[in-house]
Every structure is written in structure tokens, then in C-alpha cells.
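Each protein sequence line maps, in turn, to chains L and X.
With the numbering used here applied, the first sequence covers 1 to 430.
With the numbering used here applied, the second sequence covers 431 to 720.
C-beta atoms are modelled at their ideal positions from N, C-alpha and C, and glycine is treated no differently.
To keep things clear, I will list the structure first and then write my remarks on it.
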Amino acid sequence: MIAGLMSVSLAACGSGNSNSESSASNGGSNNGNKGEKVTIELAISKSSQDSAFVAQDLLDEFEEKTNIHVNLQLLPAEQTSTVLQTKLAVDETPDIIQYNLASATTDLNLERNFEILDNEPWVSRLLNKDVLSAYGHVYSFHVSQDTGMQGVVYNKDMFKELGLSIPQNFEEFLAVCEKIKASGITPVFMPFKDNWAANIWPAAAFADYAAKNEPALFDDLNANRKKWTDIPEFETFLQQQYDVYKKGYTNTDILSDSYDMAVGKFLNKEVAMMFMGDWLIENVAEKDPNIHLGLFAIPSSEGASLGASPLGGQLFIPKKAKHMAEAKKFLDYIATKEVAQKIVDQRKYVSIFSDVTTPELPEYKQDIVDQYITPKKTVLTTDAYMLVDRSELYRSLQDQFAGGKTPEEVLADWNDKFSQLMKDKGVSGF
Amino acid sequence: MKISKSLYSYYLIWPALIIYSAFFVLPAIVGLFYSFTDWRLDREVIQFIGWDNFNRIFTDKTLILAIKNTFIFAIITVIGKNVLGIALAVGLNMRLKTRNLLRVIFYSPSILSVLVISIVFTPMLRSEGTINKLFEAVGLGSLSQAWLTDPSIVIWTVAAVSIWQHTGFQMAIYLAGLQSISKEYYEAATIDGAGAWKSFLKITLPLLLPAININLMLTLIGGLKVFSEVFVLTGGGPGNASQVVGTIILRAFGEGSWGLGTAINTLLFVVVTIISIPLLIFMRRKEVTE
């Protein structure tokens, strides 16, 4: 009886511990060729499991060349940050983590937990160090520098039919809306049930303003030398987005409509524009390649720059990684010209390495490269500069539409929350 | 006598006690400790900060709104679920042909997942949704509302959905209570000339008190601990208009303010205890036996 119980409980232990078990058995059976086989752990959100870095053939090739086995830890998508926070806190650290740089600074305490990669051999070949860096150091790795762009997603065919050109300022934008509305199509789709969607316009507009007028603005905000309420232009930008709604250029029930309806709205040609990222264009193209969507900059001021999301899906090495050298070897391997080229070609990435060429891009992406990236008319959105959780900002933005808050009140609310969070975080000046 | 004394030893409660202590008592005590600290995502050293977290709960206007919403939700749902629950139970305790069918129909919402409820109700509660269309169709267009997006009514809407879902469960308990009341009382009352309303007040209600007590406790505690209905229907929005204590705790943890989140949790625990234990004692005293 007792023996039976014990065997059950042992079996339970075994299954709960499958990671270490599988790594042990791999080490035992396959170590014929060169020395001891090492297994490194790579933790990645389940939602990112089609990432190029964890493709099976890549991992197999790596193992064959280096005798290092990469074991994947797939984390449930909605708990990724919590699980990683816990793993880092209890020293059950994976050797490599795939995560987003911007969220890593707010969720995972980047400086404390992750290795600085400034001296890795591949760093010298980077075309764009910024998308991998924070606090002045390279903290992460990627083969792409295409961060995803944010602006106004628009239906090119509709613009052509109605003889519209891309608006260069807010007045022109309203005029475009008016003409689209007159043709019986909803000009702008606002899915503000998802409060983050209300952040696309201000995130690009604020950043564009700062880049052109006060380059040190976000440093000042993050050091409490300035307050969010100090910049009258921010109020203007929030008022603009509200005006688009108030003038009747949007779907009527903006607080009930959610982002997951967006693809359908574009497929059915119900709407002409939306403040969103270029990932939406990709999603629509997957469903119907005959719909031509494009992206232009949020027209908050004359000739505004296109917002660039902070890059996502980078690889990080925790300071406490048990196999630091092997983890670095993995990055070196992906960074080799041949491997990086293969990934960049397959995924149609804009290459980050000077010796890896960017393949032919989809039409919309090439347009973005020609019109915004090459002439350097892009600006990192505010998200890139935010050191604390932003969900309360999104709620404040939503409140402008729900609770009739003025732009001033929205910014005041966020300013209070922001200073509280920064104070809690222990940032000096708050 | 002797057998009944030695049949079960007190040692048999040990397994339950150990599990209960390990998974409830211990975490509650540890939680109490952490609620007085500045435990945060980015703090390496956890510091004791006294009552700071609690001071913050009572000065942050979103947290105050959440507490207010929680009480509104709890009070509406306690009244709604119990009044409707008794009414349904009394109705379905009568000799109706469709009695069993109706019982199943009224009980069935409470076995649905709250996610399903959200998927069903969210489109119905839109401005141009079924409910407003229904009002317009019967000429009551003026009653139509932005049910889930108007900050001033959203918590009431969520409470109404919760009442719709759970009344059937309360009804089942009341039905059980009703069936334990002997018919003789009603026969005697009829002979004495008491009407239906009078026998309800003088016989049904007093003898139903044990069921009322358990239902009041269940709905009150459930109401104060509300989370899932709000989370799936509004996510606490629009803005923060429908935040309740449960969703605020999630928000605090999401922001990495673990100490604050634990403090709110502790506060909720204390409030639920302070309200429910005296209520339980008070109600017990009122119970009558047949």
C-alpha cells in the first residue's frame, strides 16, 4: 500500500519536473561526439512560439554544430510576465529569455536582472543599436530592426477612388474625413473598448512633438523636472483625437467596439482609416491580399514623423544564467552572416546587421521604408520612454471618451498616477 | 455510549487541519505581514512601512471609487438575488404543470461560465444592442442606455447581470427550505382565515429563516468579493468607472505594487469578516424551530 502510494507520488514528481529530466536524459544518451552535452533553457511566451529564434531546424543545427541542446520552456501567454518575474526572483533562471525590451524595463527590472551585451562580437555589426538598448547599453539581441510602425492605417483603394491624398496636418485630415463620410463610409474606426487603442494617436503625437521641440522632454518627465500637465501641446493632441470622434467621423459605439473587430471592418470595407500599427495591415493581408492598406503618420502637426513601436521579441540573457557562455554562443550563432541572412529572408525582416541584406519587402512595408525610414522621418513612440506600467494612462485616455474628462483632467490624472508609480519604483526626483 | 465516543479520534482532523493551515492560515498571516511592507517588483530589499499602504487605499480616489462600487454591487445583488430568489421559489413551489421545466430554466444560468455570460451580454448591452432595441420596439426608447459604457450606470448593469445569473442558485436553496415546511401550518392558517400574503409573512418567512440566513451570507460574501463579472464585462472600465476591490487588487499586482495589492486583499478579508460574522450571529438568534 505504502509502496504504491510512493510510486504514485514519485511519478508525480517526475512529471512535474520534466525539464530537468529531459535535459538529463539528453545529456546521457547523446554525448557520443565531443565531450559533455550542455542543455540551455530558453523561456518564451506560448504566443511567440513561432518566433524565428526557436524554429526547430535552427535549434537542431545549433545542437549539431556546438553540442548545446536548447530546451524550450513555453510559458502561458497571459502569465508570461508573472512566471518570469517569479523565476528571476527565486533564482530558477532560464539561460535565455525572449521578451520585449520596453516591457522588460517596466516588468522585469532590466538593469538588475539582465546581462549587458555591449562587448559581444556581433554588436560592432549592428546598424541600429538603439532598438536593442536601454540605459545606454545593449541589453538584447535581434536580427531585425523593423520595430513595427504606428500611425494611421488607411485603405489605399478608397483614397484613390475618392481622389484623396495623404493629409499633412490636422486640418487636412479632418477634410479627408469629411469627404470619406460623404461617400457613406465610416472614416475612422476607434475600438476604444480596448483602452490601449486610444493611446496610438497620443503616443506618436507626443513623441513627434518632443523630438522636434524638446528633445530632453522624456528625460525631464522621468526625473520629475517636468510634469505631464506642463506641455499645452499634449492637451491639443488629446483634443484632436476627441474632435475626430465628436465631429462624427468614427463608429458610433466606440467604447463597445474592440480591437478584434478591426480586421473585419477593413475586410468589409466599412471603414477607411484607423489609428493603429502596421501589424494590422499584415493581418488584413493574410485574410485578403486584394485589399491594399497603407500607413501614414499621425497628422497631429505639419509633416509629423511616423511613430515607431519599441522593438519586440528580443532575446535576453539573465545575469544569473547557469550557462552564460553557452547562451552567448547561441546568440553568436544566430548572428552569423549565414544564419541571420536565412532568418531575415524567411521572415522578410529589415536587417539589423551591416553585412546581412534586407530582402524584398511587401508593398506597404516598402512604402514605409521609402517614405519614412530611409528619409529618417520616424520617431520612437512614448512607450519607449515609459519606465512604469502604462495601463492607467490608457484608462485615463478612455475616460476622455467615457467620462467626458477634458484633456487637462486626463493628463492630470495620469500625472498623479505616474508620479506615484515612479515614487514606488524608487526613481530619484519623485 | 462508549462506542460512539471512541468511533472517531480527534487525530482524524489533522490532515484537514494541516492542509487548511498550509494553504489558508499561513498565507493569510504572511499576507498580513506583507501588507505592511513596500514589497514591489523592483525592490531588492523589502521594507516595513507601517500603515502607508492602508493610508494610500483611503486617499487614492480610484481605490475609494472601487470600494464604493463594491458595496453598491454587494447591496444590489444581495437584495436582488434574495427577493427574486424567494419569489421564484414560492412561485415554483406551487402546483404548476411546467414546474420542473421552469425550475431548470431559472437555474440554468448559474451553471454557465461567466465568460459565456459576457459573450452573450456584451452585444446585448451595446447602445444599438438587443435590450435598447427592445425598449424602442415597445415605445420606451427613452429608457435605452449605454449600459456598459456610461460610467454612472455601469456598476448597476454588472450587478443586474450577476442577479440574472445567480438568482436561480438562491432559488434552489429557498426551494429546499420551502419543502421542509410542513403543509399543516398552511392548512391551519387557512382554517383560521389567513390569506396567502398573511401566511407568507407569518409562516413561510419565519420558517424559511435558516435558508434566508445562508443565502444572505453567500450573496453578501460573494458580492464583496466580486471579480469575474466585472472583469469579463467591463475590465473595470470605462476608465475606472466600474472598478471593484477585486479588480483593483489585480491592477495593483499588474503594476508590480505587490505590497499594496496584498494590503487591499487583507483589507477585503477583514471587511468581509467584520460584516459577516456579527450578521451570522444576529441572524442565528432570529431563527425559529418548528
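Residue i, DSSP secondary structure in three states
i: X/PHE501; result: helix
i: L/ALA154; result: At residue 154 of chain L the sequence reads Tyr, which differs from the Ala that was named. Strand at L/TYR154.
i: L/GLU21; result: Caution is warranted here: a pLDDT of 37 is assigned to L/GLU21, below 50, making its placement in the model unreliable, and the coordinate value is therefore given only provisionally. Helix at L/GLU21.
i: L/ASN268; result: coil
i: X/GLU558; result: coil
i: X/GLY686; result: coil
i: L/GLU41; result: strand
i: L/ASP413; result: helix
i: X/GLN575; result: coil
i: X/ILE707; result: helix
i: L/GLY294; result: strand
i: L/VAL379; result: strand
i: L/SER398; result: Per the sequence presented here, residue 398 of chain L reads as Gln, with Ser not at that position. In this structure, L/GLN398 counts as helix in the three-state DSSP scheme.
i: X/THR664; result: coil
i: L/TYR385; result: helix
i: L/PRO318; result: strand
i: L/GLY403; result: coil
i: L/GLY307; result: strand
i: L/PHE430; result: coil
i: L/THR250; result: strand
i: X/MET524; result: coil
i: L/PHE275; result: strand
Span separating the alpha-carbon of residue i from that of residue j
i: X/LEU608; j: X/TYR441; result: 38 Å
i: L/GLY403; j: L/GLU92; result: 45 Å
i: L/PHE141; j: L/ASP157; result: 38 Å
i: X/PRO553; j: L/ASN290; result: 30 Å
i: L/ASN119; j: L/VAL131; result: 17 Å
i: L/LYS319; j: L/GLN98; result: 14 Å
i: L/TRP279; j: L/LEU295; result: 11 Å
i: L/GLU270; j: L/ASP60; result: 46 Å
i: X/VAL584; j: X/ALA671; result: 7 Å
i: L/ALA197; j: X/LEU637; result: 55 Å
i: X/LEU532; j: L/ASN195; result: 41 Å
i: X/SER543; j: X/ILE443; result: 34 Å
i: X/ARG714; j: X/ARG486; result: 37 Å
i: L/ILE298; j: L/LYS405; result: 22 Å
i: L/LEU126; j: X/PRO581; result: 49 Å
i: L/GLY184; j: L/LEU411; result: 35 Å
i: L/LYS46; j: L/LEU393; result: 27 Å
i: L/GLY32; j: L/LEU108; result: Any answer about L/GLY32 is weak, because its pLDDT of 42 lies below 50 and its placement is not dependable; what the coordinates show is given next. Cα to Cα, L/GLY32 sits roughly 39 Å from L/LEU108.
i: X/LEU564; j: X/GLN600; result: 28 Å
i: X/LYS632; j: L/SER396; result: 53 Å
i: X/GLN575; j: X/GLY653; result: 24 Å
i: L/THR250; j: L/THR229; result: 27 Å
i: X/ILE449; j: X/ILE459; result: 15 Å
i: L/THR252; j: X/TRP577; result: 14 Å
i: L/TYR385; j: L/ALA223; result: 12 Å
Minimum Cβ-Cβ distance from residue i to chain B less than 8 Å
i: L/ALA402; result: Among the protein chains in the structure shown, which are L and X, there is no chain B.
Scan the region 433–508 of chain X and note each continuous alpha helix (DSSP H) run of 4 residues or more that stays entirely inside, going in chain order. The qualifying runs are 444–450, 456–464, 482–487.
The region 237–260 of chain L: positions lying closer than 8 Å to chain X by Cβ: From the region 237–260 of chain L, only THR252, ASP253, LEU255, SER256 have a Cβ closer than 8 Å to chain X.
Check whether the region 296–307 of chain L and the region 111–127 of chain L are in contact - that is, three or more C-beta pairs closer than 8 Å. The region 296–307 of chain L, when compared against the region 111–127 of chain L, does not touch it at the 8 Å Cβ threshold.
Any alpha helix (DSSP H) of 4 or more consecutive residues that is wholly inside the region 181–225 of chain L: The region 181–225 of chain L contains these whole alpha helix (DSSP H) runs: 200–213, 217–222.
Output needed in chain order: residues of the region 572–592 of chain X with a Cβ under 8 Å from some Cβ in chain L. Against chain L - using a Cβ distance shorter than 8 Å - the residues of the region 572–592 of chain X are ALA576, LEU578, THR579, ASP580, PRO581.
In the region 208–241 of chain L, which residues sit with their C-beta less than 7 Å from some C-beta in chain X, listed in chain order? Of all residues in the region 208–241 of chain L, none has a Cβ within less than 7 Å of some Cβ in chain X.
Counting only runs of 3+ residues fully inside the region 111–180 of chain L, write out the beta strand (DSSP E) ranges in chain order. Listed in chain order, the beta strand (DSSP E) elements of length 3 or more contained wholly in the region 111–180 of chain L are 149–155.
Touch test, the region 389–400 of chain L against the region 351–367 of chain L, Cβ-Cβ under 8 Å, three pairs minimum: The region 389–400 of chain L vs the region 351–367 of chain L: no contact.
Of the residues that make up the region 619–653 of chain X, which ones have a beta carbon closer than 9 Å to any beta carbon in chain L? Answer in chain order: no residues at all.
Quick one, which residues of the region 69–86 of chain L are near chain X if we go by CB-CB under 7 Å, in chain order? Within the region 69–86 of chain L, the residues whose Cβ lies closer than 7 Å to some Cβ of chain X are GLN85, listed in chain order.
Residue ranges of each alpha helix (DSSP H) within the region 593–626 of chain X, 4 or longer: DSSP runs (the alpha helix (DSSP H)) wholly in the region 593–626 of chain X: 613–621.
Quick check: the region 454–474 of chain X against the region 682–698 of chain X, are at least 3 beta-carbon pairs closer than 8 Å? Result yes; three or more Cβ-Cβ pairs closer than 8 Å.
4-residue-minimum alpha helix (DSSP H) runs that sit fully inside the region 328–355 of chain L, ordered along the chain: Entirely contained in the region 328–355 of chain L, the alpha helix (DSSP H) runs reaching 4 residues are, in chain order, 337–347.
Cβ contact check for the region 340–349 of chain L and the region 172–180 of chain L: 3 or more pairs under 8 Å: Counting C-beta pairs with one atom in each stretch, the region 340–349 of chain L and the region 172–180 of chain L have fewer than three that are closer than 8 Å, which means they do not touch.
Does the pairing of the region 67–77 of chain L with the region 36–44 of chain L give three or more beta-carbon distances under 8 Å? The region 67–77 of chain L is in contact with the region 36–44 of chain L.
Threshold first: 3 residues or longer. Then list the beta strand (DSSP E) segments lying entirely within the region 56–106 of chain L, N to C. For the region 56–106 of chain L, whole beta strand (DSSP E) runs of length 3 or above, ordered along the chain, are 68–75, 96–99.
So, does the region 200–211 of chain L touch the region 237–252 of chain L, judging by three or more C-beta pairs under 8 Å? Taking a cut-off of 8 Å for Cβ pairs, the region 200–211 of chain L and the region 237–252 of chain L touch, as three or more such pairs fall below it.
Is there contact here, the region 606–623 of chain X with the region 635–655 of chain X, by at least three beta-carbon pairs under 8 Å? Flag = yes, the region 606–623 of chain X and the region 635–655 of chain X touch.
Near-chain L residues of the region 658–671 of chain X (beta-carbon distance less than 7 Å), N- to C-terminal order: Residues are counted here when their Cβ sits less than 7 Å from a Cβ of chain L; for the region 658–671 of chain X these are GLY667, PRO668, GLY669, ASN670, ALA671, given in chain order.
Are there three or more Cβ pairs, one per stretch, closer than 8 Å when the region 619–629 of chain X is compared with the region 694–712 of chain X? With a cut-off of 8 Å, the region 694–712 of chain X and the region 619–629 of chain X do not count as touching, because too few Cβ pairs lie within range.
Contact the region 502–513 of chain X vs the region 587–600 of chain X: 3+ CB pairs below 8 Å: Contact between the region 502–513 of chain X and the region 587–600 of chain X is present: three or more C-beta pairs spanning the two stretches fall below 8 Å.
Near-chain X residues of the region 357–391 of chain L (beta-carbon distance less than 7 Å), N- to C-terminal order: For the region 357–391 of chain L, the set of residues with a beta-carbon nearer than 7 Å to any beta-carbon of chain X comprises ASP389, SER391, in chain order.
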